[in-house]
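One structure is given below, encoded as structure tokens.
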Amino acid sequence: MSDSLLSINGLAVSYRTRTGRVPAVRGVDLDVRPGEIVALVGESGSGKSTLAHAVIRLLADNASIDAGRVEFDGADLTGLSEKELRTVRGARIGLVPQDPGVSLNPVKRVGEQVAEVLRLHDLSTRRSTPADAIEVLERAGLPEPALRARQYPHELSGGMRQRVLIAIAIAARPKLIVADEPTSALDVTVQRRILDHLQHLTEELGSAVLLVTHDLGVAADRAQRIAVMSRGRIVESGPARDVLDAPSDAYTRRLLASAPSLSVARPRTNPAAPAPAETPLVTVENLVKEFRLPQGAGAKRIVRAVDGIDLAVRRGETLALVGESGSGKSTTARLVLRLAQPTSGRIVFDGEDVTAARGGRLRGLRRRAQLVYQNPYASLDPRFSIGEVISEPLRAFRVGDRASRAERARHLLERVALPASILDRRPAELSGGQRQRVAIARALALSPDLVVCDEPVSALDVSVQAQVLELLAELQADTGVAYLLISHDLAVVRQIAHRVAVMRAGRIVETGATDELFDHPEHPYTRDLLAAIPGGGVHSRHYEERT
Amino acid sequence: MRRYVIRRVVQAAGVLWAAYTVAFLVLDYLPGDPVSAMAGQGLDQTSTDPAQIAQLKHEYGFDKPVLVQYAEYLGRAVRGDFGDSVATGRPVTSTLADALPATLQLTTAALLLAILVGGGLAVLATYTSMRWLRQVLLSLPPLGVSVPTFWVGLMLVELFSFRAHLFPAFGNDGLRGLVLPAIALAIPSGALISQVLAKSLLNTLNEPYVQTARAKGAGRARVHLRHALRNASLPALTVIGVLAGQLMANSVVIETVFSRNGLGRVTATAVGSQDIPVVQGVVVFGSFVFVLVNLVIDLVYPLIDPRIVVAGRPA
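Protein sequences, first through last, are from chains A and B.
Residue numbering for the first sequence is 353 to 899, as defined by our numbering.
Residue numbering for the second sequence is 9 to 323, as defined by our numbering.
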């Protein structure tokens, strides 16, 4: 295509590892026309990030481009020297990286970091640079840009940092912006605002965007064309509507079917609610948790993370606690498990007040209330074998002997649909989804009454998410365990929760049965949250108007 | 900030007291005493009058119970009086003060050399894209850490004094006399700085913000020096705090090898003759320097990394 801004032909990239060369991108063709948004969708390991970085030749040291051409504005980027590339990077192609938490230099002021692009490409004089940098920050939608420019990255929120990164990418008004999962680390409402702004900005500048994302919902909302990547190849590409409405490839169909954000409108496994008459398993009354801020952090020395909440979890029920980061939902979970000490309030577990339980009584609670963490990569001891990981709670409570514990571990693995052959493996040999299954098996080892799941699937790929959520629902149906599900992802919540409590700034603003709350949200904040879920366009066809 | 410094000064006083006490107990536990040692150095042991020894011991207070000695010495030490050297009769404080400038020159020169050469080596090793050069450069620091200081000193003297006649082999005269001992003293320290900084730089260069900088169009040198180096320098700074102690300890060896006058020599002589007041003075002074250097380093951290807060507030 001669009218393409970016034209990738037969590109192949591989990584050199100890066991030989591992291909990551195998012969990819992709075109981006001027001013167009193209979404590159795929799961982790599909090669989409490698492809995006290959465009600006920012690959890891052990990666190499083995074949193919990357034509940008008439020149082949794969043949440029490092020095020539410097005039392309930042000036004609901007990059918005993935994780705003770690993508800004922590020891430099925000203004300096934006100014650097302007100075590197001689876009402003030494004297005018500071003011120009502030102007770019303002264009990126950062409130109070003059103040922010003097601050360090750690003094800004995640959303603000992402705006700074966008400012860096757009500073030189590039023709192409490569956005690598630009909002995956952010809350949905922030994600929506930032993507809206990025879209608006690129329209204004006339820049094209290569939007790399694992979230089909985001792709559906934003892109004119979608390319689906799997195992280093593009398996399907075309106008967004065609790909979403009539996917021709089996992988695309699977991805569409499992994307939780796309299934919000049609819950699949709507679980039967347990009998409500029973007394709740856990009751929390007027729970408060205050944290002291380090001295000198302004007038407000004490922050109320949890500000007087009431909630009840019934046996066999899933109660979801939903909110954005900083809303206090994880703190609440820690309080319920008594991993943190409440400032005031009452926690009753199965009729027993455990607010101040210590020693043996606290151990009793530990045995009956377990936890599944967010990050399966960090929550399993890398030096334990899988068998040891799963049977550790049994060893801690001296349940059974060695043989019966091994038997129980095998049985638990079977319950979470993993082969017994992995008992002797180490966590590093398993995939993210497998690890989370192991974490679930460990949580169930003592047959607890309550399992707190803190963002149990947010670190996993969408197709794996769906499987793990189904597993959680099945296990609940079999064992009658109750879940307190902490999540920022309303789509996940809709799939398995019976009831939902929406948290904001330490308070519960709305509670209700899942369907009721999704169909008739009462609190304006709940409505905001629901509206911000990406992918709404797929079913209501909003995106036609936007394109 | 002021409260933080005050708290640290109180802690420092505690450290000095502990160093003094431990040194006192260890010296007391050792067999023999300075007066016997002095007497033993005489022509022959039999000629020394036992009564004279007893009187000397009485004068220095060595015949009193340990706790009483400890209390008396500590009381005077607090007022800055560490007593008189048993061997020379001069006040300990002036003995140390006389020896200090030479050692300060030596250790400062060695530290600067270690930072410049060690740091430079680390930057170069991580900067070069030639694999063989990187391998060679990165293998130097482990070598530097493992060779003994005295051996390096002797080799330098052999090569540059006796064979090449470039630098004097011993003595305190001027800058030229400083070169060889400073190099010998700097090698293990520089090697350590180099090892830590290179490792830290390699980690830092894999950070996502380094990629952001490259995506801006920044060149290799700019990314390395303007973005990575400052972030990577914190662990090296911590090491420098520890090196303050190592340099003082190694100066004992180096000053002996090069026959330089200084604190190291004073220490070596005092230990040899069981000159307890001088040893005590050296121990307390050494602890003082160590505590001071590390306080300064703790105050420098937040200047390098704004995320580090001192006493709960950004400095």
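Note that the Cβ used here is the ideal one computed from N, Cα and C, for glycine as well.
Contact between VAL854 of chain A and VAL561 of chain A fails: their C-beta atoms lie close to 32 Å from each other, not under 8 Å. In chain order, ALA223 make up the part of chain B whose C-beta sits under 7 Å from the C-beta of LEU447 of chain A.
Between THR863 of chain A and THR683 of chain A, the alpha-carbon positions lie close to 18 Å from each other. Look at SER396 of chain A here: in three-state DSSP terms it is coil, with no helix or strand label.
For GLY161 of chain B, the uninterrupted alpha helix (DSSP H) run begins and ends at 157-164, by DSSP. Rounded to whole angstroms, GLU423 of chain A and ARG856 of chain A show a C-alpha spacing of 48 Å. For the C-beta of ASP451 of chain A, the chain B residues within less than 8 Å are, from N- to C-terminus, PRO216. Between GLY198 of chain B and LEU121 of chain B, the C-beta gap is smaller than 8 Å, which places the two residues in contact. One alpha carbon belongs to ASP776 of chain A, the other to ILE738 of chain A, and they sit about 6 Å apart. Cβ-Cβ distances below 6 Å link CYS805 of chain A to VAL724, TYR835 and LEU837 in the same chain, with the five nearest sequence neighbours on each side left out; the list follows chain order. If the five residues before and after ALA523 of chain A are omitted, its C-beta is found closer than 7 Å to the C-beta atoms of VAL466, VAL469, LEU470 and VAL488, all from its own chain and listed in chain order.
Residue contact check for ASN211 of chain B against chain A: no CB pair falls below 8 Å. In the three-state scheme derived from DSSP, where H, G and I count as helix and E and B as strand, ARG859 of chain A is classed as strand. Contiguous alpha helix (DSSP H) elements confined to the stretch 783-828 of chain A occur at 784-796, taking only those with 4 or more residues. Membership of PRO149 of chain B in the alpha helix (DSSP H) is indicated by the continuous run 139-154. The three-state reading of DSSP puts ILE738 of chain A in helix, counting H, G and I together. Going by beta carbons, ILE389 of chain A and VAL448 of chain A fall outside the 8 Å limit. For ASN214 of chain B, the secondary structure class from DSSP, reduced to helix, strand or coil, is coil. Residue contact with chain A for GLY127 of chain B: absent (no Cβ-Cβ distance below 8 Å to any residue of chain A). The stretch 250-283 of chain B is shown to contain whole alpha helix (DSSP H) runs of 4 or more residues at 271-280, in chain order. For HIS173 of chain B, no chain A residue has a Cβ inside 9 Å of its Cβ, as the nearest lies near 48 Å away. With contacts defined by Cβ atoms closer than 8 Å, LEU164 of chain B and LEU148 of chain B do not form a contacting pair.
Residues of chain B with a Cβ closer than 7 Å to the Cβ of SER455 of chain A are, in chain order, PRO216, TYR217 and THR220. Looking at the DSSP output, PRO591 of chain A shares a beta bridge with A:ARG577. Put simply, of B:ILE312, B:VAL279 and B:TYR28 the residue whose alpha carbon is nearest the alpha carbon of ALA79 of chain B is B:TYR28. A straight line joining the alpha-carbon of VAL655 of chain A with that of ASP283 of chain B spans about 59 Å. Excluding the 5 residues flanking it on each side, GLN543 of chain A has same chain C-beta neighbours closer than 6 Å at THR535, in chain order. Interface with chain B (8 Å Cβ-Cβ cutoff): LEU410 of chain A is included. Residue burial annotation: ASP597 of chain A is exposed, with fewer than 16 other C-beta atoms found within 10 angstroms of its C-beta. Counting the other Cβ atoms within 10 Å of the Cβ of VAL290 of chain B gives 16 or more, which makes it buried.
Collapsing the DSSP output to three states places GLN551 of chain A in a helix.
For ASP532 of chain A, the enclosing beta strand (DSSP E) covers residues 528-532.
Judged by DSSP in its simplified three-state form, PHE178 of chain B adopts coil rather than helix or strand. Following the DSSP letters along the chain, one finds VAL18 of chain B inside the alpha helix (DSSP H) bounded by residues 10-37. With a beta-carbon spacing of about 17 Å, ARG513 of chain A and LEU553 of chain A fall beyond the 8 Å limit used to define contacts. A straight line joining the alpha-carbon of ALA244 of chain B with that of PRO285 of chain B spans about 36 Å.
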